[in-house]
Each structure stands twice: as structure tokens, then as C-alpha cells.
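Here's the structure we're looking at; comments come further down.
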Amino acid sequence: MNILDLFFPRICFGCGHIGKYFCRKCSLQIRYFSPQICPVCTRPAFDGVTHDFCRSRYTLDGLTSIFRYEGIIKIGVKKIKYKWAYDICREIISLLPPNLELPINRYSDTNHILIPVPLHPKRLRWRGFNQAEILGKIIAENTGWQIKKDIIIRGKETKNQADLKRNERLKNMIGAFSINPKYKSADLRETNFIVFDDVWTTGATLRNCSNVLKRFGAGKVWGLTLAHG
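Take 1 as the starting number for the sequence shown in the UniProt record's numbering and just add one per residue.
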């Protein structure tokens with residue numbers, strides 16, 4: 001316990017018990033997302049690997065979502081965006097299996113780089129932090145993955161995805177991302193990436209990130225999300 005806990009005690013998002021945001025009892029009710037799905041057609045797929053008949057040159061090669069976006073996970077993810085982000089992120093990551101393995105490890109024999117989905121600079125200034133970056137950094141620390149936060153940039157200011165319907169979300173993300181001009185195609189060629197975001201809803205965000213990476217010469221691109229809603 002630190003001094004902040006005395007003035008701002010952690011209260012469980014599920015039952016209100018003081019001590020943790022995710023108490024032991026409520027944590028037992030958290031469900032992992034299963035079965036994994038193809039990131040193109042969103043139907044069940046073994047290991048979340050993109051179906052052969054769904055695959056194209058620029059699609060995600062697979063997708064792993066860890067939790068179902070419900071209950072205290074849903075509350076926690078929403079809270080991250082507004083306050084106590086780092087503390088909540090730490091607790092959420094502590095709920096992950098101790099030996100988190102992505103199926104990409106079984107389908108790729110080279111190292112991969114974790115890329116947190118970036119915020120537009122204006123939204124980043126308003127919020128003060130990027131929750132995907134915080135979560136991604138903690139995951140990278142726990143897994144030993146390399147993380148790079150500046151490869152993809154968000155040049156288009158988009159509307160809040162949570163306020164839009166499915167078709168609007170898909171259109172909203174078109175042209176939102178690009179590769180940082182500091183990188184050349186040779187820097188990314190045949191490199192494998194894991195693009196991380198907090199929640200998969202329509203998949204528009206991760207699909208667009210995969211598109212720009214592969215058009216720039218990237219190898220495999222796998223999607224990873226904390227939750228699937």
C-alpha cells in the first residue's frame with residue numbers, strides 16, 4: 001500500500017470491496033474469450049488464424065483476444081480511459097495467464113514487434129496518455145517482446161468509435177493510419193508485428209493498421225486485444 005491508497009482507496013469494480021479494483025471473488029467470474037475468431041469473417045477459427053479463403057495480401061494473419069468484454073473487465077477498460085490508468089492497467093495485466101503465449105509463436109519462427117494502436121495527437125493531449133500504449137508496455141515487460149510506439153502514426157482525427165454504429169466505425173477508420181516517415185520500407189520488410197488494442201469490436205482499427213504495415217513491406221501481422229466485445 002502507498003500513501004495514495006490511503007486517500008484514494010482501490011474499490012472493486014464488481015462488489016465495491018476495498019483493496020483492489022478486481023477482488024479475488026469477482027476475478028473468478030471473469031471469462032476468457034473463446035473460441036478465437038478469424039479477423040476477416042469473424043467466424044470461429046483455430047488459434048484465431050485467418051481462414052485461407054479469407055486471406056488476402058493485406059489482411060491480418062490472425063487475432064487473439066484475451067477476455068470477454070463484459071462485467072468488471074468492461075468497467076475496468078472504460079475506467080482506464082479517464083483515471084488511474086496505470087494502476088488499473090497493472091491489475092488487469094496481473095489477471096493474465098502467467099505464461100501468455102500467442103499462436104503467432106507457433107506460426108512464425110522469427111521475433112515480432114508489439115505496436116500499440118496510436119491515438120491522434122489532439123486526443124492524446126486531451127487525455128494525457130494512450131491506454132493501449134500503457135497496456136502494451138506492461139505486456140511487453142511481462143513477455144519480453146520488443147515494443148515500438150512510433151512506427152504507425154494516426155494522422156486523421158476520427159470520431160470516437162464507441163459513439164458510432166458498425167458501418168460508421170468501418171468508414172471512420174479509413175485512412176486514419178500511416179507509417180511514420182522516419183521509417184523506410186527496408187526497415188519493416190519481412191518483420192513480423194503484433195498490433196495491440198484494448199478492445200476488438202468491429203475490427204476496423206486493427207485491420208487498417210495491418211493494411212498500412214503490409215503495404216509497407218511487413219511480414220506477418222497479428223492482432224492482439226485485451227478484450228473482445
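Ideal Cβ positions, reconstructed from N, Cα and C, are used throughout, including at glycine.
DSSP places R57 in the coil class of the three-state scheme, outside both helix and strand. Between D47 and Q36, the C-beta gap is smaller than 9 Å, which places the two residues in contact.
By DSSP's assignment, Y32 forms a beta bridge with F67. With respect to the C-alpha of I66, the residue from C41, K81, R31 and D87 having the closest C-alpha is R31.
For the 9 Å CB-CB criterion, F177 and P118 form a contact.
With distances taken between CA atoms, D150 lies nearest to I179 out of E101, A85, I179 and A227. Residue pairing of W222 in beta bridges, as defined by DSSP: G62 and I194. L124 and D197 have their C-alpha atoms roughly 15 Å apart.
Close CB contacts of S56 within its chain, under the 7 Å cut and outside five residues either way in sequence, are absent.
Counting only runs of at least 3 residues, the stretch 106–138 fully encloses the following beta strand (DSSP E) elements, listed from N- to C-terminal order: 112–116.
With contact defined as three or more Cβ pairs closer than 8 Å, the stretch 181–194 and the stretch 140–155 are in contact.
R215 carries a helical assignment under DSSP once its states are collapsed to helix, strand and coil.
Per the coordinates, the alpha-carbon of P44 lies some 12 Å from the alpha-carbon of G62. Between the C-alpha atoms of R215 and N192 there is a straight-line separation of about 13 Å. DSSP, read as helix, strand or coil, puts V199 in strand.
Here C89 has I80, Q131, I134, L135 and I138 as same chain residues with Cβ atoms under 8 Å from its own Cβ, once five neighbours each way along the sequence are excluded. For I88, the uninterrupted alpha helix (DSSP H) segment begins and ends at A85 to S94. When DSSP states are grouped into helix, strand and coil, F8 belongs to the coil group. Under the three-state reduction of DSSP output, R207 falls in the helix class.
Taken through DSSP and simplified to helix, strand or coil, F177 comes out as strand.
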